[in-house]
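A.B. asks: As you go down the protein sequences, you meet chains A and B in turn. Mind the numbering: the first sequence is residues 1 to 487 in the working numbering, read in order. Mind the numbering: the second sequence is residues 1001 to 1168 in the working numbering, read in order. For glycine and all other residues, C-beta sits at the position ideal for the given N, C-alpha and C. Source: prediction; values computed, not measured. Here you go, one structure.
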Amino acid sequence: MWFLKLIWKILSIPWKIWEWFDDRSEISKTLGPLLRHPIPPGTGWKYVFGSATLIAFLIQVATGIALATVYVSSAGGAYKSLEFISHQATWGWWVRGMHYFGASAMVLLVGLHMGRVFLTGSYKFPRELNWLTGVILLFLTLAMGFTGQLLRWDQTGVWSTTIAAEQAGRVPVIGHWIARLIFGGNTVGGATLSRFFAVHVFWIPAAIFAVVGFHLYLVIRNGISEPPKPGHAINPKTYRAWYKGLLERSGRPFFPDAAWRDVIFGLLVVVCIVVLAGIVHAPELAGPPNPALIQTEPRPDWYLLWYYALLALTPHYMESYLMILVPLVIAVLLLFFPLIFNRGERSVSRRPWSAAIAIFVVLVVATLWYQGKTAHWSPAFDAPPLAIQTIGFASGPIYQGAQLFHERGCEDCHAIGGQGGHRGPDLSTVADRLTEEQMTVRILNGGNNMPAFGSILTPQDLTLLLDFLDSRTAYKNTSFRRTGGQH
Amino acid sequence: MSLNPNETKPSELRRDFLTALCVGVGGLTALIVAVPVVGFLLGPLLRDTGRKWRAVGPLDKFKTGDTVEVKFEDASPLPWAGVTAETGAWLRRNSQTELIAFSVNCSHLGCPVRWEPAAKLFMCPCHGGVYYSDGSVAGGPPPRGLTQYPVRVRDGNVEILTSPIPIT
């Protein structure tokens, strides 16, 4: 019995330390009311994305600090230190994976949180500032993602820096200055990585901490928005008094009545990040960051693929305008619309336009994302020569034409039999829609983004290519219509 | 310590003055710190790294009609730059005496263009920009041809003048 009492006394030591600490600091008296601030009834699982975003951010802070103990923030040493982290450091691959999937989770969750706030009209009076600070946090999150990708400082990192500088260079008047500031000089070099490192680990996180603090202050100051009800319109003159009455009538303390959902969902997020990092791993590093190594295909991480696709699909004459205006317009719209539409119905069933806008944005981003993922506009440099089965002949002019089709780069942009690039039209059955004369004109003169091969191909090359293309038909009996495979 | 009851209350005017003093002095303090910090951060705009001729190989190494990649060092690499101090260019020898050096950066968004010798085209992997062997645009989004670097032959060696990454 005395033994159990001893254990009880030992176990109660931390509690006594806490009591002493709390007595002297009165921290529970200060923070307790904040934790137990009243919230309206009806908040459920859809209210957990904000806290989950914060948890994902804290994972980034923890894993980022851990990585920084080994990462060398110099242009000459960063790549080697990341190779060490990824392949030799104890659990380095795991922590790096957590940092990668933590970033993805943060982007995803901030998007879900924003979607919930938008669809429930929670940005309306008096919570306009909550929305504005949230939009700033969205931009800061994306900036963290982009600068983090650069800090991998592999070939993709180096070339992404160049692409960022080129885009910044399109800004009127000051574009070239911004580009030079991004490089830290005239070219990618020693100063480039250090600048991005400072931005990624000091400037942006400091800004996130500050804005998150203000965001949370506003959440407590203005209260969590009540689930919207159709017919209950926001009137700025009466809302605050009505909300106060609602909390007095049926408010519940945030902790623990609602906090338990945040805790459970937060645990789920953490488990997903840790497990994905352990099973899927962070992307393998590309080649070393030598700007003279050009056999690379830089792509942004998944959360910016939609913008990458937008730049590729935009008509060339309006590209510079879109490159500057699209982010600007998005920023202005996001920042100003809650100031304009800050009253009226909150229920999405009474705001069909809002629902339509949300669906439209999701569809556009998803479509662009898919386009960016497939990147059909990029030449298929690694496409192997067409198989004999596809060509239909193992020798002769059609076979030789097929070899030329591969060697001269036609296959980089045109697919045949499901093989090759997709920048130009699929030529699997080109002979069914174009005559030999039409093909000749197109090959020699180019057009519609196709280079003119008139000065590149010899007459014999052209003849062999036409032989091959003329055999690309859906009708087997008419394959190779002109010569039957022999000249 | 106790308040002196005889002490007169500061006037509103005095309070206004002290408020302005606090704000003004606080702002001045921040400015004193900010000037050198901002100047340091804007250093890349103020620092001129200059341009230098860099040898990329003997003239005999480059065959007439060929386009090859050459590598050279930046104008003034920082000691810790490592491999990022290197840069590349496409060098084309048109005749016995004529050499052209192209930037490896696509004029669209700066991605590295590749020379496809059999197709005799430069191709960009990012957004599908295509250029002819003379650097002019053959297709895709590039708004203009490939940037050319100054190139010369000195003592039998081909030299390229280091240049900033071309910003379109």
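Go through its chain and collect everything with a Cβ distance to Phe49 of chain A's Cβ below 7 angstroms, but skip five positions before and after it.
C.D. replies: Here residue 49 of chain A refers to the residue found at position 49 when the first sequence is read from its first residue. These residues qualify, in order along the chain: Leu109, Leu112, His113, Arg116.
A.B. asks: Pull out every residue of the stretch 369-392 of chain A whose Cβ sits closer than 7 angstroms to any Cβ of chain B, in chain order.
C.D. replies: Residues Trp377, Ser378, Pro379, Phe381.
A.B. asks: Residue ranges of each alpha helix (DSSP H) run of no fewer than 4 residues wholly in the stretch 294-375 of chain A, ordered along the chain?
C.D. replies: Listed in chain order, the complete alpha helix (DSSP H) runs (minimum 4 residues) inside the stretch 294-375 of chain A are 305-313, 319-340, 352-374.
A.B. asks: Expressed to the nearest angstrom, what Euclidean distance is found between the alpha-carbon atoms of Ala179 of chain A and Pro1164 of chain B?
C.D. replies: Mapped onto the first sequence, residue 179 of chain A falls at position 179. Mapped onto the second sequence, residue 1164 of chain B falls at position 164. For Ala179 of chain A and Pro1164 of chain B, the distance between alpha carbons rounds to 11 angstroms.
A.B. asks: So if DSSP puts Pro1058 of chain B in a beta bridge, which residue, or which two residues, is it bridged to?
C.D. replies: What you label residue 1058 of chain B is simply residue 58 of the second sequence in a count that begins at 1. Its beta-bridge partners are B:Asn1157.
A.B. asks: In or out: Arg1144 of chain B buried (at least 16 other Cβ within 10 Å) or exposed?
C.D. replies: The sequence position of residue 1144 of chain B within the second sequence is 144, counting from 1. Arg1144 of chain B comes out exposed.
A.B. asks: Could you give the C-beta distance for Thr192 of chain A and Ala292 of chain A, rounded to a whole number, given that I count them as a contact under 8 angstroms?
C.D. replies: Numbered from its first residue, the first sequence carries residue 192 of chain A at position 192. Numbered from its first residue, the first sequence carries residue 292 of chain A at position 292. Going by Cβ atoms, the distance from Thr192 of chain A to Ala292 of chain A rounds to 15 angstroms, so no, they are not a contact pair.
A.B. asks: Cβ atoms of Gly446 of chain A and Pro227 of chain A: under 8 angstroms apart, would you say?
C.D. replies: Taking the first residue of the first sequence as position 1, residue 227 of chain A is located at position 227. Taking the first residue of the first sequence as position 1, residue 446 of chain A is located at position 446. Against a cut-off of 8 angstroms, the Cβ pair of Gly446 of chain A and Pro227 of chain A comes out as no contact.
A.B. asks: How is Thr1087 of chain B classed by DSSP in three states: helix, strand or coil?
C.D. replies: In the second sequence, the residue the question calls residue 1087 of chain B occupies position 87. Three-state result, Thr1087 of chain B: strand.
A.B. asks: In chain order, what are the residue ranges of uninterrupted beta strand (DSSP E) at least 3 long that sit wholly in the stretch 1070-1135 of chain B?
C.D. replies: Listed in chain order, the complete beta strand (DSSP E) runs (minimum 3 residues) inside the stretch 1070-1135 of chain B are 1086-1093, 1099-1103, 1114-1116, 1121-1123, 1130-1132.
A.B. asks: Nearest by alpha-carbon distance to Leu488 of chain A: which of A:Ala331, A:Leu311, A:Gly157 is it?
C.D. replies: The structure shown does not extend to residue 488 of chain A, since chain A is modelled only from 1 to 487, so the question has no answer here.
A.B. asks: The beta strand (DSSP E) with Ala1138 of chain B in it runs from where to where?
C.D. replies: By one-based count along the second sequence, residue 1138 of chain B stands at place 138. 1137-1139 is the span of the beta strand (DSSP E), which, as asked, contains Ala1138 of chain B.
A.B. asks: Are there 16 or more other CB atoms within 10 angstroms of the CB of Thr1064 of chain B, so buried, or fewer, so exposed?
C.D. replies: The residue you call residue 1064 of chain B lines up with position 64 of the second sequence. With fewer than 16 Cβ atoms within 10 Å of its Cβ, Thr1064 of chain B is classed as exposed.
A.B. asks: Look up Gly50 of chain A in the DSSP assignment and say whether it is helix, strand or coil.
C.D. replies: Working through the first sequence from its first residue, we reach residue 50 of chain A at position 50. Gly50 of chain A: helix per DSSP, three-state reduction.
A.B. asks: Among the residues of its own chain, which have a CB less than 6 angstroms from the CB of Gly97 of chain A, if the five just before and after it don't count?
C.D. replies: Taking the first residue of the first sequence as 1, we reach residue 97 of chain A at position 97. Closer than 6 angstroms at Cβ, skipping near neighbours: Ala277, His281, Ala282.
A.B. asks: Kindly list, in the order they appear in chain B, the residues whose Cβ is closer than 7 angstroms to that of His176 of chain A.
C.D. replies: Within the first sequence, the letter at position 176 stands for residue 176 of chain A. What His176 of chain A touches in chain B: Ile1167.
A.B. asks: Might you give, ordered along the chain, the residues of its own chain that have their beta carbon closer than 6 angstroms to the beta carbon of Gly1140 of chain B, omitting 5 neighbours on each side?
C.D. replies: Position 140 of the second sequence, counted from the first residue, corresponds to residue 1140 of chain B. These residues qualify, in order along the chain: Gly1128, Gly1129, Val1130.
A.B. asks: Compute the Euclidean distance between the alpha carbons of Met1123 of chain B and Ala380 of chain A, then round it to the nearest angstrom.
C.D. replies: The residue you call residue 1123 of chain B lines up with position 123 of the second sequence. The residue you call residue 380 of chain A lines up with position 380 of the first sequence. Answer to the nearest angstrom: the Cα atoms are 10 angstroms apart.
A.B. asks: Between A:Phe265, A:Asn222, A:Pro230, A:Lys229, which lies nearest to Lys244 of chain A when the distance is taken from Cα to Cα?
C.D. replies: Residue numbering aside, residue 244 of chain A sits at position 244 when the first sequence is read from its first letter. When only C-alpha atoms are compared, the closest one is A:Asn222.
A.B. asks: Hey, is the stretch 408-421 of chain A in contact with the stretch 448-461 of chain A, meaning 3+ C-beta pairs nearer than 8 angstroms?
C.D. replies: Counting Cβ pairs under 8 angstroms, three or more are found: they touch.
A.B. asks: Are there 16 or more other CB atoms within 10 angstroms of the CB of Val199 of chain A, so buried, or fewer, so exposed?
C.D. replies: Numbered from 1 along the first sequence, position 199 holds the residue referred to as residue 199 of chain A. When all chains shown are included, Val199 of chain A counts as buried.
A.B. asks: Going by C-alpha to C-alpha distance, which of A:Leu151, A:Gly287, A:Pro451, A:Ala210 sits closest to Leu140 of chain A?
C.D. replies: Counting from 1 along the first sequence, the entry for residue 140 of chain A is found at position 140. It is A:Ala210.
A.B. asks: Identify, in the order they occur along the chain, each residue of the same chain with its Cβ nearer than 7 angstroms to the Cβ of Ala474 of chain A, setting aside the five sequence neighbours on each side.
C.D. replies: To locate residue 474 of chain A, count along the first sequence from 1; it is residue 474. Answer for Ala474 of chain A: Thr429, Asp432, listed in chain order.
A.B. asks: Give the residues of chain B in contact with Ser471 of chain A, contact being defined as C-beta atoms less than 8 angstroms apart.
C.D. replies: Numbered from 1 along the first sequence, position 471 holds the residue referred to as residue 471 of chain A. Correct list: empty, because the minimum Cβ distance to chain B is about 21 angstroms.
A.B. asks: Can a CB atom of chain A be found closer than 8 angstroms to the CB of Asn1094 of chain B?
C.D. replies: Position 94 of the second sequence, counted from the start, is the residue given in the question as residue 1094 of chain B. It does not; no Cβ of chain A falls within 8 angstroms.
A.B. asks: For the stretch 1079-1097 of chain B against the stretch 1050-1064 of chain B, are there 3 or more C-beta pairs whose distance is under 8 angstroms?
C.D. replies: Touching, per the Cβ criterion.
A.B. asks: Between the Cα of Leu469 of chain A and those of A:Thr435, A:Phe453, A:Tyr71, spot the shortest distance and give me the residue it belongs to.
C.D. replies: As a first step, residue 469 of chain A is located in the first sequence; it is residue number 469 there, counting from the start. Checking every option, the nearest Cα to that of Leu469 of chain A belongs to A:Thr435.
A.B. asks: Which residues in chain B sit within 8 angstroms of Val158 of chain A, going by Cβ to Cβ distance?
C.D. replies: In the first sequence, counting from the first residue as 1, residue 158 of chain A sits at position 158. Simply Thr1084.
A.B. asks: So, for Ala143 of chain A: in the same chain, excluding its five sequence neighbours on each side, which residues have a beta-carbon less than 6 angstroms away from its beta-carbon?
C.D. replies: Within the first sequence, residue 143 of chain A is the residue found at index 143, counting from 1. The residues are Ile204.
A.B. asks: My output table needs one value for Arg1015 of chain B: the three-state DSSP class, helix, strand or coil.
C.D. replies: Residue 1015 of chain B sits at position 15 when you count from the first residue of the second sequence. Helix.
A.B. asks: Given a limit of 9 angstroms on CB to CB distance, which residues of the stretch 1116-1134 of chain B reach chain A?
C.D. replies: Correct list: Glu1116, Ala1118, Ala1119, Lys1120, Leu1121, Met1123, Cys1124, Pro1125, Cys1126, His1127, Gly1128, Val1130, Tyr1131, Tyr1132, Ser1133.
A.B. asks: Could you work out which residues of chain A lie near Thr1087 of chain B, taking near to mean beta carbons separated by less than 7 angstroms?
C.D. replies: In the second sequence, counting from the first residue as 1, residue 1087 of chain B sits at position 87. The contacting residues are Thr187, Pro291, Ala292.
A.B. asks: Exposed or buried, Ile1032 of chain B, counting other C-beta atoms within 10 Å across all chains shown (16 or more means buried)?
C.D. replies: Stepping through the second sequence from its first residue, residue 1032 of chain B is reached at position 32. Classification for Ile1032 of chain B: exposed.
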